[in-house]
Structures are given as C-alpha cells and as structure tokens.
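Structure first, commentary second.
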Amino acid sequence: MSPRPSYFRVLLTFLRNSLVRDMMFRMNFIIDTVSTTSWVFMNLGFYILIFRYTPEIGAGTGWGKYQFFLFLATTLLINSLIRGLFIGNAVEFSEMIRTGTLDFALLKPIDTQFLVSLGRIEWSAIGPFVCGLALIGYSLFRVDYTPGPLVVVLYVFYLLCGAAIYYSLMIAMASTSVWLGRNKTLLDFWFYITNFSRYPMEIYTGDYGVPIRQVFTFIIPVLVAVNVPARLLVRPLDIHSPGDLFLPLFAIFATAGSLLASRWVFKTALLSYRSASS
Amino acid sequence: MLPRAATSWTIFKISVEERLVYRGDFALGTLMRFLPVVTQIFLWGAVFSAVNVASGGDKQIAGYTYHNMIAYYLLTSISRAFSSMPGLASGIARDIRDGTVKKFLIQPIDMIGFLLLNRIAHKLVYFSVAIGPFALVFYLCRGFFSGWPAPQIMTAYVASLVMAFLLGYLLEVTIGMIGFWFLEVNSLLFVYMLFSFFFSGHMFPIDLLPGVWGEIVKLIPLQYLAYFPAAVFLGKVSGPELVHGLWIQLAWIVFFLATARAAWRFGVRRYSGFGG
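Line by line, the protein sequences are chains A and B.
Using this note's numbering, the first residue of the first sequence is number 69, and each one after it goes up by one.
Using this note's numbering, the first residue of the second sequence is number 93, and each one after it goes up by one.
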C-alpha cells in the first residue's frame, strides 16, 4: 500500500459513487435537476422583465442586457460548481461535528478537508451549469463577440478562482460548528453573504455603497469572485490604465488568501474538536 | 362550547411555549432576512439611474418611483411574515405518509382547527420577537416612505394582512392534503413555492408584468399573499378597487376553506393506516 493516497483517483471514485447513488433514485434526480433548472429560468425571467424598463443596470456602467446576462451566466456557473461539489458536503460536515461521526473521517488515511469537502457530489447541479453555458453562448452571439483562446483560458481560470473563494467561505463557516455546537443557519448565512455578489459591483455607489463594496472586495472577497471572470467576457482584456489590471491581480491574491485562511480555520477547528456522544 | 374553548386555549398555550424555546435564533434570523433588501436597494438604484425620464417627471417603472419600489419590497416582507407557513404543507403530507395523522381521527380534535391555532401561536411569538428587527429596519429605511396612510387605508391594510395569513394557511393546508392521494408531494410543493415566489409579488411588484401575464397573475390568488397588502399600503389600489380586492381575497379564503374541508373528508375515506 502506498503511503500517500492518489487524490485524483479518490476524487474519481467520489464522482462515480455519487452518480451511482443519484441513479438509484432516478426520478428524484430528474425532479431535482428540473426544479433547480426552473429556478434559473424564473430568475432569468425577472431580469428580462427589468430590462424591459431600463437599458442598463447602472447608468454608464456598460452592463446592458446581454452584458448582464454574461454576468448572470458566470454567477450560475460558479454557483452550480459550489452546489454540485460542496454545499451538501459542508452541511454534512457540520452535522458530522455535531453527531461525532467526524471521528471516522479523521481516522481515514487521507486529508480530512479533502474528504469532508468532496465526499458527496450532487450531479443534479449539472442542470443550472448547462443553462449557464447556454446563456453565455446566446449572450456572446447577441453581443457579437467571439472570445479568443487566451480569454477563454483566463475566464476558466478566474471561474475556478471564484469557486475557490466561495468554497473557502463555506468550509470556514461550516468549521465554526465545532465552537457553536450547531450551525443550522449555515446555508442561510451563506446565501445572504453571496447575495451581495449577485450583481455587478458598480451598483454599490454612494455613502453606503462604497463601504459595502470595499468590505465585500477586500475583507470577504465575494465580489471579485463573479465580477472578475464576468468582466473578462464583457470587456475582454480592455486595459487602459494600471487600475484595470488591479482587480484581476487582486483576485489571484484574494483566492490564495481565502484558501489559506479557510485551511487555517479548518485546522484550528479540528484541534478544538472533542467528538460527541459515546 | 366551554370545554372546546378550554381545549383550544391549551393547544394555543402549548404552541406558544414550544416556539419560545428558539427566540434567540428567531431574532437573528429575522434581522438576517433583511440583508437581501440591502442589495435590492442598490440594484434598483442602479436600474433607476439608467431609466430614461420624460422631461420634468420623476423616473418611474410601471408607476413605481425608486422610493416606492424599495418601500414595496419592505412591505412585502411584512406580507410574507403573515402569509408564509414554513413546513405546513410538507408536515401534513408527512403525517399522512407516516400515519401520525391518525391521532386526529381518534381524538376529538379537528386537524384544520388544531393546526390553525398552532400557526396563530407561532406567528404571535414570531411577531413578538421579530418586531424589534422589523422596527429597526423600517426606522432606518423611513426615508423610502412618504408617511402613514389614512386611517381607513390602514384598516384595510391590516385586514388584508390578516386575510393574507388565513389564505396562506388554507392554501398550504389544501396542498398538504394532496398527500392523501399522492404519497410524495415535495416536488409539487417546490412548484408551488416557485410560483408563489414569482407571482405573489415577493420577487417584484406584479404590475411590472406586461400584457396578458399581468392579467393572468391578477386572477390567481397568490397575489394576496404578498403583493396586495403592500399595494394597499402604498395606495396602488384604492377606492372601489380596494374594496373589491378585499372581497375577492375573502372569497378565496372561503373557497380554500371549503376545498380543504372537502379534501379532508374525502382524503380520510381513502386513508388506511397499518401497523402500530
């Protein structure tokens, strides 16, 4: 037996097992996929409605209808990655801490954070993901722009950065269950925080808006998660001043920082873990 | 009559105490529920900033100024506080599925009445705790309102809220009763939630819906759960239209009361419990 497990092969096993489990309850899987996808359409309907009344979100910001749809699609892609890979696991992790079953995860010869983060993958998130891709295709067609290979690579890179930032926040919040005993509002709180990043950061203006923008850019960097990749498609490599480079560079820094900080929170939480029951 | 009132009072008291256990969680949860309003304030600010304006007039979307729009969202949070019934329909369906419902068949207690008392108690406890966060948020956002409406409008508003509670309750009870016919109603509930979110006016004022969509949505009862009370407060419906609306809201309550009762009567006939 090799001393170090092959993380890639374990991940593939997780993917396969989850798919097998989903396929055991096929009808449930179909209903799940259809319902998450219908949320997407309801949301899209709301924005279509808004754009009946306004040419853009924020005068002079450039977020016209199809530009905003590119933003929305980016949000969809990141959210479905998070939903598919991590949300169920984070909730389960809180539950493991509460019930003491985390003991079993700790005993396994593999990194605990990896195990609890990816153990159960929800394939039904593929519905919104496909919607996101389709929406990108349609919007790019409407704005008549075909991104070059560099933009595509950068877009995927920043999409993953965005997902990593969201993931860090989620796993750090789930870890706090160790101290709080129970973290029932985890999902609520997660939803309310990421709610701030559902719109282009330009909307946060004025006396109250600017501090909000700064907090959610520099302290809890959820605003860069969607804004940076979305801008790549809307204003591809549109660099006029050093300022335009700042946000993409900061996003890399923010991703690394978030991952490290969440790793630290996770490790510290494990140190305080004292099992439960029996 | 008297023993019945005593029973009801006991049920009510127990439900109140049951709810008070989680008051801290309640207060925090309520305050957090207003966070999306913050993003709505900025989103609509941005939307309105780009709206073309006819010379001299205020910027408007479907008759709503920016202030109206934010006030509308704040008011729907009150409507929803009255009309939302988390877990009611799924609870009834679950009781039917796992057989718990038979307690209502062998005890001299009417399920629809019992659950109503239970919900009234929950709502009263909820309001007694939530009034703090609500007052704080409305005080901070007072600039979006142009003052209190006239006393008769206020009365109509309160009536529409109370009826929103009853309608929300009866709608969910009726949906829960479908569990007598289909064992699994969760997907149906999801569809209901989805439609309710979109067409009750929770997500946006339904006046925004164009043409035939707007007409259809005004015909279905969902608007009375969120849109209608808020529209009454803002003076979007007034005069004969307001009186008419209140009557229709009442009519829907009567309709769903009758439906729920009928569903119970026929459902219980179909129901069969096995084992202990």
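Just so you know, even glycine gets a beta-carbon here, dropped at the ideal spot from N, CA and C.
Residue j beta carbon less than 8 Å from that of residue i
i                           : j                           : result
valine 159 (chain A)        : leucine 83 (chain A)        : no
threonine 347 (chain A)     : cysteine 199 (chain A)      : Lying outside 69 to 346, the shown extent of chain A, residue 347 (chain A) is not represented and no answer is given.
phenylalanine 257 (chain A) : methionine 124 (chain B)    : yes
glycine 268 (chain B)       : leucine 180 (chain B)       : yes
alanine 240 (chain A)       : alanine 329 (chain A)       : yes
leucine 259 (chain B)       : tyrosine 319 (chain B)      : no
leucine 281 (chain B)       : serine 175 (chain B)        : no
serine 171 (chain B)        : leucine 253 (chain B)       : yes
valine 139 (chain B)        : isoleucine 118 (chain A)    : yes
tyrosine 213 (chain A)      : proline 297 (chain A)       : no
leucine 291 (chain A)       : phenylalanine 264 (chain A) : yes
alanine 193 (chain A)       : glycine 230 (chain A)       : no
alanine 323 (chain B)       : valine 329 (chain B)        : yes
isoleucine 146 (chain A)    : leucine 227 (chain A)       : yes
phenylalanine 272 (chain B) : arginine 362 (chain B)      : yes
proline 243 (chain B)       : phenylalanine 126 (chain B) : no
alanine 185 (chain B)       : valine 277 (chain B)        : yes
phenylalanine 321 (chain A) : methionine 238 (chain A)    : no
leucine 342 (chain B)       : isoleucine 153 (chain B)    : no
serine 357 (chain A)        : isoleucine 189 (chain A)    : A query on residue 357 (chain A) cannot be resolved here, the shown segment of chain A reaching from 69 to 346 and no further.
leucine 326 (chain B)       : tyrosine 164 (chain B)      : yes
Contact set for residue i: own chain, Cβ-Cβ below 7 Å, skip 5 residues either direction
i                        : result
leucine 262 (chain B)    : Ile345, Phe348, Leu349, Ala352
tryptophan 136 (chain B) : Tyr158, Met161, Ile162
isoleucine 165 (chain A) : Ser245, Val246, Tyr341
serine 207 (chain A)     : Tyr134, Phe137, Leu138, Ala141
Close Cβ partners of residue i (< 8 Å) along its chain, the five nearest in sequence each way excluded
i                           : result
arginine 266 (chain A)      : Thr143, Val294
lysine 310 (chain B)        : Ile298
valine 278 (chain A)        : Tyr272
threonine 99 (chain B)      : Ile201
phenylalanine 296 (chain B) : none
Any chain A beta carbon closer than 8 Å to residue i
i                           : result
phenylalanine 236 (chain B) : no
proline 302 (chain B)       : yes
isoleucine 308 (chain B)    : no
leucine 135 (chain B)       : yes
proline 128 (chain B)       : yes
proline 178 (chain B)       : no
valine 143 (chain B)        : yes
threonine 157 (chain B)     : no
alanine 181 (chain B)       : no
leucine 349 (chain B)       : no
phenylalanine 296 (chain B) : yes
According to DSSP, residues forming a beta bridge with residue i
i                       : result
glutamate 124 (chain A) : A:Gly132
alanine 156 (chain B)   : According to the sequence provided, residue 156 (chain B) is tyrosine. The question's alanine does not apply to it. Beta-bridge pairing links tyrosine 156 (chain B) to B:Ile153.
Expected contact under 8 Å - CB spacing of residue i and residue j to nearest Å
i                     : j                        : result
proline 196 (chain A) : serine 148 (chain A)     : 4 Å
leucine 334 (chain B) : cysteine 233 (chain B)   : Leucine 334 (chain B) to cysteine 233 (chain B), Cβ: 25 Å. No contact.
glycine 365 (chain B) : lysine 194 (chain B)     : 5 Å
proline 268 (chain A) : isoleucine 233 (chain A) : That belief does not hold up - the Cβ atoms of proline 268 (chain A) and isoleucine 233 (chain A) are roughly 17 Å apart, past 8 Å.
Residue-level contact to chain B via CB, residue i, 8 Å cutoff
i                           : result
asparagine 372 (chain A)    : Nothing about residue 372 (chain A) can be read from this structure; chain A reaches only from 69 to 346.
alanine 127 (chain A)       : yes
threonine 122 (chain A)     : yes
isoleucine 165 (chain A)    : no
glycine 277 (chain A)       : yes
tryptophan 247 (chain A)    : no
tyrosine 260 (chain A)      : yes
phenylalanine 93 (chain A)  : no
isoleucine 118 (chain A)    : yes
serine 191 (chain A)        : Sequence inspection shows tryptophan at residue 191 (chain A); the serine mentioned does not correspond to that position. Cβ-Cβ to chain B under 8 Å: no for tryptophan 191 (chain A).
arginine 266 (chain A)      : yes
asparagine 263 (chain A)    : yes
threonine 81 (chain A)      : no
phenylalanine 139 (chain A) : no
aspartate 256 (chain A)     : yes
Cβ neighbours of residue i in the same chain (closer than 6 Å, five flanking residues each side left out)
i                        : result
methionine 203 (chain B) : Phe196
tyrosine 218 (chain B)   : none
glutamine 135 (chain A)  : Val302
isoleucine 125 (chain A) : Trp131, Phe136
valine 211 (chain A)     : Tyr134
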